[in-house]
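With positions in the sequence shown counted from 1, the corresponding number in my numbering is that position plus 299. Positions of the beta carbon are idealized from the N, C-alpha and C atoms, including for glycine. Taking it in order: structure first as structure tokens, then the write-up.
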Amino acid sequence: MKGRVTLILGAVLAGVFALAALVSLVWVPVPVEQLAVSAKLKPIGTPGYPLGTDHFGRDILSMLMVGARTSIAVAILAVGIGMAFGVPLGLLAAARRGGLVDELVMRGNDLVFAFPSLVIAILITAVFGPSATNAILAIGIFNIPVFARVTRGGALSLWTLDYIRAAEVAGKGRARISVEHILPNIANLLIVQGTIQFSLGILAEAGLSYVGLGAQPPIPSWGRMLAEAQTMIAMAPHMAILPGLAIVLTVLGLNLMGDGLRDLLDPRLRRAR
Numbered sequence: 300m301k302g303r304v305t306l307i308l309g310a311v312l313a314g315v316f317a318l319a320a321l322v323s324l325v326w327v328p329v330p331v332e333q334l335a336v337s338a339k340l341k342p343i344g345t346p347g348y349p350l351g352t353d354h355f356g357r358d359i360l361s362m363l364m365v366g367a368r369t370s371i372a373v374a375i376l377a378v379g380i381g382m383a384f385g386v387p388l389g390l391l392a393a394a395r396r397g398g399l400v401d402e403l404v405m406r407g408n409d410l411v412f413a414f415p416s417l418v419i420a421i422l423i424t425a426v427f428g429p430s431a432t433n434a435i436l437a438i439g440i441f442n443i444p445v446f447a448r449v450t451r452g453g454a455l456s457l458w459t460l461d462y463i464r465a466a467e468v469a470g471k472g473r474a475r476i477s478v479e480h481i482l483p484n485i486a487n488l489l490i491v492q493g494t495i496q497f498s499l500g501i502l503a504e505a506g507l508s509y510v511g512l513g514a515q516p517p518i519p520s521w522g523r524m525l526a527e528a529q530t531m532i533a534m535a536p537h538m539a540i541l542p543g544l545a546i547v548l549t550v551l552g553l554n555l556m557g558d559g560l561r562d563l564l565d566p567r568l569r570r571a572r
């Protein structure tokens, strides 16, 4: 029961911002590139600007909607990169456990973990320039060892089970066993981890945009909205409060979803209830 409540609450919180991102694809109250200097720093509740305006007169509600689209798109693609490369590497390392391949994969993971996503983003930006694409690459590269470790850990616990040994006796190769038997049985683990990394991806995107390494103007981003608001917080605190709340509530919703999914999908927790 608790897992379902947590999952529903998290889905509602995250779903609000996901819906806003989807709606922004076809409609926003005011075009985000439209400047209205005469309407700058309008407070919340101003007619025509329900969440106020920023120091350029841009509608904050519209910017939050498009910013949600930017953050969610970056996080989804970054998690996709992490899963696309990390899961196969983790399965390979588990299948060749204790061997050279396993050692190479794990030491490669340690090497990537030695460089935080912000440092990787700085390196990529120094070569290719700041952009949302480079933020996706930086966050995605950092996600690869996360999924590789989770996959390897989950797979290792299955390779010693009887039905896996029976598959080996039946003549199935390690690659086929990994795909047909190991991967389906750790899918719940990967789904939960994917939800967690999704929330961390939104935080990472906001952090990179805050320091100017994420999406570039005129594309709105929650992190850059916070950066622009820091000098205006005394005159227009809503400029900082609203994007900050958007980040907090989205990440909170995704974390609650992850907890709820873990409770529902983990058979050990179901038996404990």
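Option in the options with minimal Cα separation from residue i
| i | options | result |
| --- | --- | --- |
| Leu360 | Ile343, Ala528, Pro387 | Ile343 |
| Pro536 | Ile546, Leu350, Val329 | Leu350 |
| Asn328 | Gly385, Glu527, Ser430, Tyr348 | Residue identity check: residue 328 is Pro in the sequence provided, not Asn. Comparing Cα positions, the closest option is Tyr348. |
| Leu488 | Leu563, Ala320, Ala372 | Leu563 |
| Val478 | Gly500, Ala454, Leu499 | Ala454 |
| Val365 | Leu376, Ala545, Gly552, Met556 | Ala545 |
| Thr549 | Gly500, Ile532, Ala526 | Gly500 |
| Ala393 | Ala526, Met534, Gly314, Arg451 | Arg451 |
| Ile502 | Ser456, Leu417, Pro483, Ala469 | Strictly speaking, residue 502 in this sequence is Leu, with Ile absent from that position. Of the listed residues, the one whose Cα sits closest to Leu502 is Leu417. |
| Leu436 | Val411, Ser456, Leu460, Arg448 | Val411 |
| Pro517 | Ala320, Pro387, Thr369, Val336 | Thr369 |
| Ala533 | Leu340, Glu504, Ile490 | Leu340 |
| Ala431 | Ile495, Ala372, Pro483 | Ala372 |
| Phe497 | Ala319, Gly552, Leu363 | Gly552 |
| Leu374 | Val426, Glu504, Asp358, Val547 | Looking at the sequence shown, residue 374 is not Leu but Ala. The shortest C-alpha separation from Ala374 is found at Glu504. |
| Arg406 | Leu422, Leu388, Met524, Ser323 | Leu388 |
| Val510 | Leu321, Val491, Thr424, Trp326 | Thr424 |
| Met538 | Met362, Val322, Trp326, Gly314 | Met362 |
| Gln492 | Gly557, Pro415, Leu422 | Gly557 |
Integer Cβ distance of residue i from residue j, believed to fall under 8 Å
| i | j | result |
| --- | --- | --- |
| Thr352 | Ala338 | 5 Å |
| Ile419 | Gly381 | With a Cβ gap of about 13 Å, Ile419 and Gly381 do not count as contacting. |
| Val404 | Leu390 | About 10 Å; that fails the 8 Å criterion. |
| Ile476 | Ile463 | 6 Å |
| Ala413 | Leu512 | With 8 Å as the limit, Ala413 and Leu512 do not qualify as a contact, their Cβ atoms being about 19 Å apart. |
| Arg473 | Asn408 | With 8 Å as the limit, Arg473 and Asn408 do not qualify as a contact, their Cβ atoms being about 20 Å apart. |
| Leu481 | Leu457 | The amino acid occupying residue 481 in the given sequence is Ile; Leu does not appear at that position. Going by Cβ atoms, the distance from Ile481 to Leu457 rounds to 5 Å, so yes, they are a contact pair. |
Helix, strand or coil at residue i according to DSSP, with G and I counted as helix
| i | result |
| --- | --- |
| Thr369 | helix |
| Thr549 | helix |
| Ala514 | coil |
| Thr424 | helix |
| Thr494 | helix |
| Thr530 | coil |
| Val468 | helix |
| Thr305 | helix |
| Ile419 | helix |
| Gly314 | helix |
| Gly398 | coil |
| Pro330 | coil |
| Ser337 | helix |
| Leu455 | helix |
| Leu460 | coil |
| Val445 | helix |
| Phe384 | helix |
| Val478 | helix |
| Val325 | coil |
| Phe412 | helix |
Paired residues, beta bridge with residue i - DSSP
| i | result |
| --- | --- |
| Asp358 | Thr352 |
| Thr450 | According to DSSP, which records beta bridges pairwise, Thr450 is partnered with nothing at all. |
| Thr432 | Answer is none; Thr432 lacks a bridge partner. |
| Thr345 | Tyr348 |
Sub-8 Å separation of residue i and residue j beta-carbons
| i | j | result |
| --- | --- | --- |
| Phe316 | Leu334 | no |
| Ser520 | Ala514 | yes |
| Gly506 | Gly522 | yes |
| Gly439 | Ala377 | yes |
| Leu555 | Thr305 | yes |
| Gly385 | Phe446 | yes |
| Arg357 | Val331 | yes |
| Leu560 | Ile490 | yes |
Residue i at chain C interface by Cβ criterion, 8 Å
| i | result |
| --- | --- |
| Asp401 | Within the model displayed, chain C is absent; a lone protein chain is all it includes. |
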